[in-house]
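Line by line, the protein sequences are chains P and V. My numbering numbers the first residue of the first sequence as 328 and each following residue consecutively. My numbering numbers the first residue of the second sequence as 240 and each following residue consecutively. Each residue gets a CB set at the ideal place from its N, CA and C atoms; glycine is no exception.
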Amino acid sequence: MTKDRWDELLDRDWSDAWDTLPEAPDLVPRGKTAQITLRLPATMVARVKRVAAARAIPYHTLVRAWIVEGLRSSAVPEVEEPDTEAQTAQLNIKLDQTMLDALKARGHELRKPYHRFARELVEWETEQAEAALGLDPTASHLPAIKELMVLLLHATNQRGDSAVRGMTRLQKLLFVLEQKLAAQTRSYAFNYGPFNEDVNDAARALEVAGFIRSSEPVASGPPSFQQMIATVIDRARSEDEGKVVEFALNDRGHEVAETLRQSSPSYDQLFKFVESIRQEWDTGDINELVDRVYETWPQYAEKSVIRDKVARRTERRRGR
Amino acid sequence: MGARGGLPEFEWDEHNEDKLLEGHNVSALEAEQCFANPKTRRREGDALLLMGVTDDGRMLFLVYEQKPKGVVRVYSAREMTEKERRTYRRNVR
C-alpha cells in the first residue's frame, strides 16, 4: 500500500460509508511463539557475535537474556542516536508471546517504538559487555561475508562477467578482498591455501534465500564442517577435471546488491573497491590467481598440499 | 493488559511504529488493543479498516493489511471523528 493511498483513507470521514462497505476478512489467531527482528548496522551485529563468542554462548541466547534483563530493570538504555551507517544486518530473536507483549508495553510506556527500545538495549549491553571483557569496540570490522559476496557477484571482471567460476576462485577473491580492505581476514591456512568455511556457508545461505544460482543443487539443512571441507576438496578435484561450479546472482540477487550499494555512500564506495579488485585479480586463469595469492601472502600457503606445485609453476612463469 | 490469546500476529518494525507514534501518537500496543477490544472492521478495495478502542478508552480508526498467514500490518491510525464514534457505537452494540 502506498503512502498516498493510506493518507487518502485516513483523511476521509467513514461514518456515512461504513455500513455500505463489505466486512473485512476474519482475523487469524497468532501462535504461542513469536520473534523480534532487529535491524542493525553490520558492524554492530559483528560486535554482538564477538561478545557472545567471548562468553561462549550462542548470540541469540545472549540477546534474549539482555532483553529479559532490560524488561526486569526500570533503567532506560542510554545510547547515541544511530550514525549514518546503514542498518543492513538483522538479528532474529525468538521470544514467547508474554515477553513480546511486555516489550510492547515498555515501548508504549516510553512512547518509543519497542523495536527501538530493544535495539538500544542490545547496543547498550554490547558496549557494557565489551568494556567488561576488555574488547575494543573500535577495532576494524570487516563487512559481513554475505555482503562482500553479494557485491563481488554484482561487480564484473575485465571480460564484463559477473559470475564467479569455481569455489576456489570465490574463496581466493574474498580472501584478497578482505586483505586489501583491512589487512586482515577470516580465512586461515588450509589444504589449498587460505580457506574460510563461512564462504561456503554464505553461498548456501544466499542460494536458499533465492539470491544466487549455482550450478550444483544444495542439500537441505546446514552442512557440517566435514561436509564443507569434503565439498571444497571435491570441487577442487572437479575443477581439475574441467567441471567448474559457477556462482552467479539471479535478477533478484542483483536487485538486492544494487539496493545495498545505494543504501549509503560507504556501501557505494565498498562496491567500487570490490569491482576494482575483481578487475585486477579475476583475470581468467585460476592458476594465475592461486599463484599470485600464494606469492603475496605466503603465510596462508604454509599448510597447502599443492604448495610445491604452485612454486614450480610460479618459477616457470618467471623463467618465461 | 491481560492475555491476548485471540489476537492475530502483527508485523511491526521501527519504521511503521515511528509513523504511528510521530504522526498520531499511537503506540503499537494501542493499535493491537484495538484489535483485542470490541471493534468493527471493513474492506475498502485493497485496504482494511478498523474502528476500535484502546484499554484506556482512546477511540481509534486504523488502516491495515492482512498478509499471508493472517499477519496484520498496521499502516496508519488516528482518533475517530465525532460522527465515526457514533458509527462505532452503533456497530459494536
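Residue environment analysis places residue 397(P) among the buried positions, since at least 16 neighbouring C-beta atoms fall within 10 angstroms of its C-beta. Judged by pairs of C-beta atoms under 8 Å, the stretch 308-317 of chain V touches the stretch 245-259 of chain V, as three or more such pairs exist. Taking 8 Å as the upper bound on Cβ-Cβ separation, chain P lies near residues 252, 253, 256, 257, 260, 264, 266, 267, 268, 269, 271 and 274 of the stretch 252-276 of chain V. The way I'd put it, the stretch 493-501 of chain P does touch the stretch 592-612 of chain P; three or more beta-carbon pairs between them come closer than 8 Å. Against chain V, the CB of residue 404(P) has no partner CB under 7 Å away; the residue lies outside that interface.
Between residue 416(P) and residue 471(P) a beta carbon distance of about 6 Å is seen, short of the 8 Å cut, so the two are scored as contacting.
DSSP, read as helix, strand or coil, puts residue 612(P) in coil. Taking a 10 Å sphere around the C-beta of residue 347(P), we find fewer than 16 other C-beta atoms and assign the residue as exposed. When C-alpha distances from residue 425(P) are compared across 357(P), 482(P), 371(P) and 366(P), the shortest belongs to 357(P).
Non-local beta-carbon contacts of residue 492(P) in its own chain, meaning distances under 6 Å to residues more than five positions away in sequence, involve 571 and 573 in chain order. Note on geometry: alpha-carbon atoms of residue 322(V) and residue 274(V) lie some 21 Å from one another.
Comparing alpha-carbon positions, the option among 423(P), 616(P), 495(P) and 481(P) lying closest to residue 587(P) turns out to be 481(P).
The C-beta of residue 307(V) comes no closer than 7 Å to any C-beta of chain P. A distance of 7 Å or more separates the beta carbons of residue 627(P) and residue 464(P).
Looking at the DSSP output, residue 421(P) sits in a beta bridge with 362(P). Secondary structure of residue 575(P) (DSSP, three-state): strand.
In chain P, no part has a C-beta under 9 Å from the C-beta of residue 332(V); the shortest such distance is about 13 Å.
Here residue 457(P) carries a helix assignment [DSSP, helix/strand/coil].
Excluding five sequence positions before and after residue 456(P), the CB atoms of its chain that fall closer than 7 Å to its own CB belong to 378, given in chain order. Residues of chain P with a Cβ closer than 9 Å to the Cβ of residue 296(V) do not exist; the shortest Cβ-Cβ separation is about 15 Å. For residue 305(V), the enclosing beta strand (DSSP E) covers residues 298-305.
Shown here for residue 361(P): same chain residues with a beta carbon closer than 6 Å to its own, the five before and five after excluded, namely 422, 424 and 427 in chain order. If you keep only unbroken beta strand (DSSP E) runs of at least 3 residues inside the stretch 253-295 of chain V, you get 279-283 and 286-292.
In the structure shown, the three-state DSSP call for residue 400(P) is coil. The beta carbons of residue 429(P) and residue 365(P) sit no closer together than 7 Å. No Cβ-Cβ contact shorter than 7 Å links residue 404(P) with residue 257(V). Between residue 280(V) and residue 287(V) a beta carbon distance of about 7 Å is seen, short of the 8 Å cut, so the two are scored as contacting. In this structure, the CA atom of residue 535(P) is about 11 Å from the CA atom of residue 528(P). Taken through DSSP and simplified to helix, strand or coil, residue 342(P) comes out as coil. Taken in chain order, the whole alpha helix (DSSP H) runs of length 4 or more contained in the stretch 488-528 of chain P are 494-509. For residue 302(V), the neighbours in chain P by C-beta distance under 7 Å run, in chain order, 333, 336 and 337. For residue 433(P), the CB contacts under 7 Å within the same chain, skipping 5 residues up- and downstream, are 398, 441 and 444 in chain order.
Against chain V, the CB of residue 448(P) has no partner CB under 7 Å away; the residue lies outside that interface. In the structure shown, residue 625(P) falls within a helical segment according to DSSP collapsed to helix, strand and coil.
A straight line joining the alpha-carbon of residue 338(P) with that of residue 370(P) spans about 41 Å.
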